[in-house]
Amino acid sequence: MRILGMISGTSHDGIDVGVVGFDPAYAGGTLAGAVEYTAVTPYPSGLRARLVRALPPAAVTFAEVCELDTLIGQSFAEAAGTAIERAGPVDLIVSHGQTVFHWVDGPRARGTLQIGAPAWIAERTGTPVLSDVRVRDITAGGHGAPLVCLLDVLLLAGHPGTAAVLNVGGIANMTVVRGPDEPLAYDIGPGNALIDAVVADRGLNADGFDRDGRIAASGTVDERLLAVLLDDPFYRLPAPRSTGKELFHGAYVEDAMARAGVRPDDAGLVATLTELTVRTVAREVTESGADLLVVSGGGCHNPVLMDGLRRACPGVTVTFSDDYGAPADAKEAIAFALIGWHTAHGLPATVPAGTGARGPRILGALTPGSGPLVLPAPLPEPPRALKLTRRRP
Numbered sequence: 106m107r108i109l110g111m112i113s114g115t116s117h118d119g120i121d122v123g124v125v126g127f128d129p130a131y132a133g134g135t136l137a138g139a140v141e142y143t144a145v146t147p148y149p150s151g152l153r154a155r156l157v158r159a160l161p162p163a164a165v166t167f168a169e170v171c172e173l174d175t176l177i178g179q180s181f182a183e184a185a186g187t188a189i190e191r192a193g194p195v196d197l198i199v200s201h202g203q204t205v206f207h208w209v210d211g212p213r214a215r216g217t218l219q220i221g222a223p224a225w226i227a228e229r230t231g232t233p234v235l236s237d238v239r240v241r242d243i244t245a246g247g248h249g250a251p252l253v254c255l256l257d258v259l260l261l262a263g264h265p266g267t268a269a270v271l272n273v274g275g276i277a278n279m280t281v282v283r284g285p286d287e288p289l290a291y292d293i294g295p296g297n298a299l300i301d302a303v304v305a306d307r308g309l310n311a312d313g314f315d316r317d318g319r320i321a322a323s324g325t326v327d328e329r330l331l332a333v334l335l336d337d338p339f340y341r342l343p344a345p346r347s348t349g350k351e352l353f354h355g356a357y358v359e360d361a362m363a364r365a366g367v368r369p370d371d372a373g374l375v376a377t378l379t380e381l382t383v384r385t386v387a388r389e390v391t392e393s394g395a396d397l398l399v400v401s402g403g404g405c406h407n408p409v410l411m412d413g414l415r416r417a418c419p420g421v422t423v424t425f426s427d428d429y430g431a432p433a434d435a436k437e438a439i440a441f442a443l444i445g446w447h448t449a450h451g452l453p454a455t456v457p458a459g460t461g462a463r464g465p466r467i468l469g470a471l472t473p474g475s476g477p478l479v480l481p482a483p484l485p486e487p488p489r490a491l492k493l494t495r496r497r498p
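Residue numbers (this note's numbering): 106 to 498.
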């Protein structure tokens with residue numbers, strides 16, 4: 106079964122796609138998959154700017170939500186169509202869409218909203234689309250995140266020690282895999298979110314992010330501001346926990362500087378926010394007792410962040426998800442393809458110990474393609490491990 110996974114993450118910079126061919130002969134145990142195609146389709150600059158303007162803490166109208174839902178759905182449809190033209194037909198598309206709000210009330214998640222109308226994708230490609238994949242976990246008492254925990258647990262199933270699997274997007278999340286013991290997964294805090302907000306708000310470059318960590322590398326960490334940032338109550342919430350740009354945004358940085366009574370220069374501020382990500386991640390990795398840290402997401406391209414993690418986690422082997430068959434820039438797209446495979450076969454795609462739900466749930470809502478909706482025969486049990494390979498064109 107060939108599945109196309111799609112997501113735009115909390116950096117809001119574009120659409121990650123990944124086509125995975127899953128072994129049709131799977132009968133239990135280890136599922137095999139081949140990553141056949143990956144790509145990133147940037148949002149048109151005007152659409153990205155409009156999306157960012159509508160995000161919390163901004164007020165927004167239903168008219169703007171409707172228009173963004175349509176325009177983002179059309180962008181996802183074009184990305185899906187291009188992927189199919191280049192990689193060949195697929196049996197199912199899984200569209201995570203674009204998260205615009207994640208409603209967290211203290212230790213509980215109460216709702217989540219992803220936009221990008223899936224009907225545009227189905228109409229463009231003629232392929233059935235699975236979407237709205239997070240909310241069912243929330244209805245079962247979970248956080249609806251991090252859903253990538255499913256992929257992490259299956260990929261690292263054979264690791265003999267304790268592995269921490271880290272994704273550094275706008276938000277940094279981590280899965281701790283401890284052999285036969287229950288895994289633990291949760292959002293750590295801001296990954297690139299605050300860095301990106303400052304770079305974009307202050308117009309520090311045309312990219313809207315700190316490419317290669319150049320800005321951070323030229324600055325000095327302000328320890329007083331860092332102490333205020335590290336004291337946020339969010340970091341004291343028990344896992345599992347989730348967050349988003351509803352909390353970590355540009356105004357948050359301004360408030361922290363006011364409370365600290367300091368205003369670092371631009372480079373110093375970016376350096377401090379980068380060190381915040383390093384310190385919060387390293388603290389969680391150390392407390393987990395992990396001997397292996399597997400990193401993915403846009404943050405893995407920031408050498409200041411990665412060098413900081415290596416220094417702050419002595420004795421921990423630091424590597425990238427590419428070593429496990431999941432390209433670091435496409436790992437989340439691959440994870441949603443895996444979720445689609447589970448749903449198509451009638452299998453739960455959540456790890457309750459990772460999201461906090463009462464139990465596992467089958468995820469998503471299906472939009473038919475150009476013909477009748479036909480699903481494979483249900484499977485009696487989910488895989489216990491996943492073996493990914495990369496198929497080169």
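Each residue gets a CB set at the ideal place from its N, CA and C atoms; glycine is no exception.
For the beta strand (DSSP E) that residue i lies in, which residues bound it at each end?
i    : result
D292 : 289-295
V270 : 268-273
V195 : Segment: none, V195 is in no beta strand (DSSP E) and carries neither H nor E.
M411 : Looking at the DSSP string, M411 is not in any beta strand (DSSP E); the run it does join, the alpha helix (DSSP H), is 408-417.
T422 : 422-425
Could you give the DSSP three-state label for residue i: helix, strand or coil?
i    : result
I220 : strand
D210 : strand
T494 : strand
D118 : coil
A144 : strand
V399 : strand
S113 : strand
A245 : coil
S347 : coil
G139 : The question names Gly, but residue 139 in the sequence shown is Ala. Here A139 sits in strand by DSSP.
V367 : coil
S236 : strand
A489 : The identity of residue 489 in the sequence shown is Arg, whereas the question assumes Ala. It is coil, neither helix nor strand.
I467 : coil
What do you get for residue i, buried or exposed, if any count of 16 or more other CB atoms within 10 angstroms of its CB means buried?
i    : result
C171 : exposed
S150 : exposed
V48  : There is no way to answer for residue 48, as the model of the chain reaches only from 106 to 498.
D500 : Limits of the chain in this structure are 106 at one end and 498 at the other, which puts residue 500 out of reach.
E190 : exposed
Give the range of the alpha helix (DSSP H) segment to which residue i is assigned.
i    : result
P457 : 457-460
L255 : 254-260
V281 : First-last for V281: 276-282, but that is the beta strand (DSSP E), not the alpha helix (DSSP H).
S150 : 150-159
L471 : L471 -> not in any alpha helix (DSSP H); beta strand (DSSP E) instead, spanning 470-472.
A449 : 436-449
L480 : Segment: none, L480 is in no alpha helix (DSSP H) and carries neither H nor E.
R329 : 328-335
R307 : Element bounds for R307: n/a, residue is neither H nor E.
Measuring alpha carbon to alpha carbon, tell me which residue in the options is nearest residue i.
i    : options                : result
V326 : R283, L374, P338, P265 : L374
A227 : T472, P481, T494, L493 : T472
V399 : L261, I108, R213       : L261
A387 : G274, Y148, D257, P419 : P419
G404 : D312, G313, A277, L493 : A277
Query - Any 3 or more C-beta pairs closer than 8 Å across the region 481-490 and the region 315-327 - result: No, the region 481-490 is not in contact with the region 315-327.
Query raised in the report: Counting Cβ pairs closer than 8 Å, one from the region 290-306 and one from the region 341-353, do we hit at least three?
Result: Between the region 290-306 and the region 341-353, the count of C-beta pairs closer than 8 Å reaches three or more; the two stretches touch.
Report task. Decide yes or no for the touch test of the region 210-227 against the region 179-198: beta carbon pairs closer than 8 Å, at least 3 of them. Result -> Touching, per the Cβ criterion.
Query raised in the report: Per the contact definition of three or more C-beta pairs closer than 8 Å, is the region 203-219 in contact with the region 446-454?
Result: Proximity of the region 446-454 to the region 203-219 falls short of the contact definition, fewer than three beta-carbon pairs being nearer than 8 Å.
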